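Take the sequence shown: its letter number 25 is residue 18 in the working numbering, and every next letter is one higher.
Take a look at the structure set out below.
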Amino acid sequence: MKNTATTSNSTAKSLAQNKLLIISFIEGSCVMVAELAGGKMLAPFYGTSLYVWASTLALTLGGLTIGYYLGGELSKRDLEKRQKALFTILAIASTLVMIMPMLADFIMKRTMDMSFLTGVITSQFIFLLPPIMGMGMVSPLLISMIAEHNASGKAAGLVYAVSTLGGVISTLLTGFWLVPVVGISLPCIVIGALLLILTLIILRPGKKNSAAMLLLVLLIPSFFFYSTRGQQNTDKYKVLYHTEGILGQVKVVDFNYQLRDREVPARVMLVNHNWQTWIDRTNPDFSFLYYTRFTHAVISNLPPGSSALLIGLGGGTVARQLERYNVNYDAVEIDGRLPKLAEQYFGLKHAVANTAVDDGRHYINICKKRYDLIIIDALLGDNVPSHLLSEECFTEMKDLLTNNGKIFVEFDGITEEEDGTAQKLLYNTLVKAGYSTRIFSSYPRKVDYDCMFVATKGKDNNYDTAQVVTDTYFPIKGDLKKFEITDMLNNPHEEIITDNNPVLDFYLKDRVVAFRHDYLGKYNAEFMEDQMSFFK
């Protein structure tokens, strides 16, 4: 009889431990879903720069740190009080994860008037820190409860291993499948609801009716919020396409743009609410982005039978220019959604067939072809791919260029607060890599617009006959020489960009902050006023 009782007691303890480990697994999943979603929810409002992800990681780790400490203090209580504390913490934290999409949307629309960094940190402090802090309190409590029957070291290792495994699996599922398929909001609602259900079943099994009522009260507004994410068309904007993904949010939007005394039917591709591609719907060859006049000038000057490599397809404005002049081209685009969108919405014919879905640097490393022109069109708003602009990368590109092949780089202009150091570093890097380099601006004698670098492998860097053509939106015409700028070459900085010293992020940090702040004040405020949904 004694052995039977002992066996029964051991089974009960094992069952209790297994239930607690299930909670640990889902709690670990919940932490990573909240962290990923928290960063992704910020993207349409504040971008995806290093500042945004640094804030996300700092607040996540800070929340866990506070939670671990507080959970450790609570674990000193007797078993019954620990169980009550665990139930309360899990119920609150899981509820906060469920309503995170609603709360984030509400908060960020009210922090947009703050400065960039203040808005980022304040927003996440309100909608991300509390649930993460709650999740952090769970592990010490679970360890103390499991350690009633096991050595504390073994219990700690078991809980953290199970929790981390849940985080690993949820990161892969959320990043590579759930977010691209169903968006950001639904994973938060589902994982939060699942954790709440398990908490109610395992820790409060005798109160099923109350638990069901609580869950229903939370699920109805959460799913209503999720369902309304699809109701995106507004009086001004018609959303043709909207997906979330591990590489960011992509939208295709139609609207009428007021150009002087007439309205132009416009179409734009928004990547994290950055205006990646912007065309006239009735004339897809017409772009509202100034720098495309200069890619057109260089492309139209290529001899027949030329070949080109385009790094950064986007909506395909530059690729369309290559198609128009019968240039044999390959494109590299890291986001596999964009080639199809370029054909479906922006009039390209060969984007899918000609595009490798890859990182530009990796493609350069493995490519065996040779090109007459390489266009680097991968800069987007606050995202600067410095790994494509290093001395090592430009040196590798030499093997891909014909004898007189050239590189065209679209880069940021210089604001009044900047001294042009970032632009000078890029020039220094191209020269150090052995290119004959010239710099052009999209407006004569002005550098606050796009700066474009044309670097030739050979010594001949004279193609002034390439013509910039005027149109109804861009009134200036002339050969490239008219747009050349040399003033920034007087900048004394002699530093270069290397793989081991990617200094662009440092020298562009103020511009990144200024860009998002100006962007929030102009476009995002207009989107919000017109009630366009920022994420789904």
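Cβ coordinates follow ideal geometry from the N, Cα and C atoms, glycine included.
Since the structure is predicted, the reported quantities are computational estimates derived from the model, not experimental observations.
- Shown here, D464 sits in coil according to DSSP, grouped into three states, outside any helix or strand.
- Scanning its chain for C-beta atoms nearer than 8 Å, with the 5 sequence neighbours on each side dropped, one finds around I478 the residues I432, F433, S434, R438, V440 and C444, in chain order.
- The shortest C-alpha to C-alpha distance from E389 to any of K361, T236 and N267 is the one to K361.
- Contact annotation: N319 and T458 have beta-carbon atoms that are not nearer than 9 Å.
- Counting of Cβ neighbours within 10 angstroms places V161 among the exposed residues, the total staying below 16.
- For the 9 Å CB-CB criterion, G64 and P133 form a contact.
- For Y284, the CB contacts under 7 Å within the same chain, skipping 5 residues up- and downstream, are E403, S435, D443 and M445 in chain order.
- Measuring C-alpha to C-alpha distances from K425 to each of I59, G309 and T491 identifies T491 as the nearest.
- Looking at the DSSP output, Y250 sits in a beta bridge with V257.
- Nearest to V24 by alpha-carbon distance, out of P37, L57, T41 and S48, is L57.
- Within the same chain, L252 and F281 come within 7 Å of Y466 by CB-CB distance, once the 5 residues on both sides are set aside.
- Taking 4 residues as the minimum length, the alpha helix (DSSP H) runs contained wholly in the region 42 to 68 are 43 to 67, in order along the chain.
- Between M93 and Y39, the C-beta gap is not smaller than 9 Å, which leaves the two residues out of contact.
- By the C-beta density criterion, D375 is buried, having at least 16 other C-beta atoms within 10 angstroms.
- About 6 Å separates the beta carbons of Q269 and G308, which is inside the 8 Å limit, making them a contact pair.
- In the three-state reduction of the DSSP assignment, T430 falls in the strand class, which pools E and B.
- The alpha carbon of F508 has as its nearest neighbour, out of V461, D523 and G406, the alpha carbon of G406.
- Listed in chain order, the beta strand (DSSP E) elements of length 3 or more contained wholly in the region 283 to 338 are 300 to 304 and 321 to 326.
- In this structure, the straight-line span from the alpha carbon of F499 to that of K12 is close to 48 Å.
- Of all C-beta pairs linking the region 47 to 56 to the region 152 to 170, fewer than three are shorter than 8 Å, placing the two stretches out of contact.
- Between G241 and T88, the CB-CB gap reaches or exceeds 9 Å.
- Counting along the chain, A349 sits inside the beta strand (DSSP E) bounded by residues T348 to V350.
- With a 10 Å radius around the Cβ and a threshold of 16 neighbouring Cβ atoms, A148 comes out buried.
- As the crow flies, the alpha-carbon of T414 is around 7 Å from that of N484.
- For the region 370 to 442, the full-length beta strand (DSSP E) segments reaching 3 residues or more read 394 to 404 and 429 to 436 along the chain.
- E73 sits in a helix when the DSSP states are folded into three classes.
- By the criterion of a C-beta distance shorter than 6 Å, S116 is surrounded in its chain by I100, M101 and T104, once the five residues flanking it on both sides are discounted.
- For Y234, the three-state secondary structure derived from DSSP is strand.
- In this structure, L83 is the residue among L83, F520, A301 and Y364 with its C-alpha nearest to the C-alpha of L135.
- In this chain, the alpha helix (DSSP H) harbouring I195 covers S178 to L196.
- For the options F287, N321 and L315, the alpha carbon positioned closest to that of G471 is the one of F287.
- L373 and H266 have their C-alpha atoms some 11 Å from each other.
- If you draw a straight line from the Cα of R504 to the Cα of L189, it is about 43 Å long.
- A direct Cα-Cα distance of roughly 41 Å separates T81 from T227.
- With a cutoff of 9 Å on beta-carbon distance, G60 and G129 are scored as near each other.
- Per DSSP, P123 lies in no beta strand (DSSP E); the unbroken alpha helix (DSSP H) holding it starts and ends at L122 to I139.
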